[in-house]
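A.B. asks:
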Amino acid sequence: MADKDKSPEVPKELRAQVAISNFGDLIRGALDKPYNWGRRNSVWPMMFGLACCGIEMISTAASRYDFSRFGMEVMRPSPRQSDLMLVSGTVTKKMLPQIIRLYNQMPEPKYVVAMGACASGGGPFKEGYNVVAGIDKYIPVDVYISGCPPTPQALLHGLIKLQKLIDNQSLNRVPWYGEEPVEAIPVPVLGPDIMTPLDYKKIKKETKSKG
15 MADKDKSPEV
25 PKELRAQVAI
35 SNFGDLIRGA
45 LDKPYNWGRR
55 NSVWPMMFGL
65 ACCGIEMIST
75 AASRYDFSRF
85 GMEVMRPSPR
95 QSDLMLVSGT
105 VTKKMLPQII
115 RLYNQMPEPK
125 YVVAMGACAS
135 GGGPFKEGYN
145 VVAGIDKYIP
155 VDVYISGCPP
165 TPQALLHGLI
175 KLQKLIDNQS
185 LNRVPWYGEE
195 PVEAIPVPVL
205 GPDIMTPLDY
215 KKIKKETKSK
225 G
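Listed below in structure tokens is the structure:
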């Protein structure tokens, strides 16, 4: 029996087909640059302001700062038409399930920017009983923007960082271009506190041990 860590030997009559498969990877690699160029210049943010950071986000979209220069002028009210979630403001526990539900409804590829101290780590309300200490505890964040609230210039800087991240992505490595579908993030339930379905087994185990 062959070692599991080693790739099986390819029969001679199939090596030509394997070469074609590898050639397909090379083709995808060659397409990364024009594909990423098109995506970086047509990012559609979702109109999702939560607190005072939302005012700065609106200012960035207005005529003075004009982030339409980066191809981002189309701010969509629907998650199914967006590929960027700008979490701008304080994330409360009551709002968290809605944020994750909206995130799951966004098509791949999608990105998340945590705008401001509250979205990044809770900000001045971190110890509050009803505030989530950072949205990255529940959904993956690609870019963090510091400030309370960040200035429009800081938001533009964060969006440029996101464009650079898109430039360096490859279709051969990103999970959303693979054969397997990307699993949705379980939506937490708001009870006495936030409860994630992933923790249900742990909660049952702890309950039985104490009972």
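Numbering (my numbering), first residue to last: 15 to 225. We treat Cβ as the ideally placed atom computed from N, Cα and C, and that holds for glycine. Keep in mind the model is a prediction, meaning the values are calculated, not measured.
1) What is the DSSP secondary structure of Y191, counted as helix, strand or coil?
2) Who does M99 pair with in a DSSP beta bridge?
3) Identify the continuous beta strand (DSSP E) that holds Y158 and give its terminal residues.
4) In whole angstroms, give me the CA-to-CA distance for Y143 and P211.
5) Compute the Euclidean distance between the alpha carbons of S82 and T74, then round it to the nearest angstrom.
6) What's the C-alpha gap between K219 and P202?
7) Less than 7 Å between the beta carbons of I180 and R54, yes or no?
8) Taking the alpha-carbon positions, what's the R90 to K178 distance?
9) Please return the same chain residues whose Cβ sits closer than 7 Å to the Cβ of K216, not counting the five positions on each side in sequence.
10) Strictly by DSSP, which residues pair up with T106?
11) By Cβ distance, which residues of its chain are closer than 7 Å to L110, with the 5 residues on each side in sequence left out?
12) Compare the C-alpha of D97 against each of P154, V126 and G136 and name the closest.
13) Of the choices L185, L45, P163 and Q119, whose alpha-carbon is the least far from that of I72?
14) Sort P121, G68, L176 and Y158 by Cα distance to E197 and report the nearest one.
15) Please report how far the alpha carbon of V188 lies from the alpha carbon of I114, in whole angstroms.
16) Rounded to the nearest angstrom, what separates D213 and P195 at their Cα positions?
17) Since G137 and G130 are thought to touch, with beta carbons under 8 Å apart, how far apart are those beta carbons, to the nearest angstrom?
18) Mind checking which residues open and close the alpha helix (DSSP H) that includes Q183?
C.D. replies: Answer, in terms of the structure:
1) Three-state result, Y191: helix.
2) M60 and V126
3) V157 to I159
4) 21 Å
5) A direct Cα-to-Cα measurement between S82 and T74 gives close to 9 Å.
6) 19 Å
7) Their beta carbons are under 7 Å apart, which means I180 touches R54 by this criterion.
8) 22 Å
9) Correct list: empty, nothing qualifies.
10) V145
11) In its chain, beyond the 5 residues on either side, V146, Y152, P202 and I208 have a beta carbon closer than 7 Å to the beta carbon of L110.
12) V126
13) P163
14) The residue with the shortest Cα to Cα distance from E197 is P121.
15) 21 Å
16) Rounded to the nearest angstrom, the two C-alpha atoms are 23 Å apart.
17) 7 Å
18) Element bounds for Q183: n/a, residue is neither H nor E.
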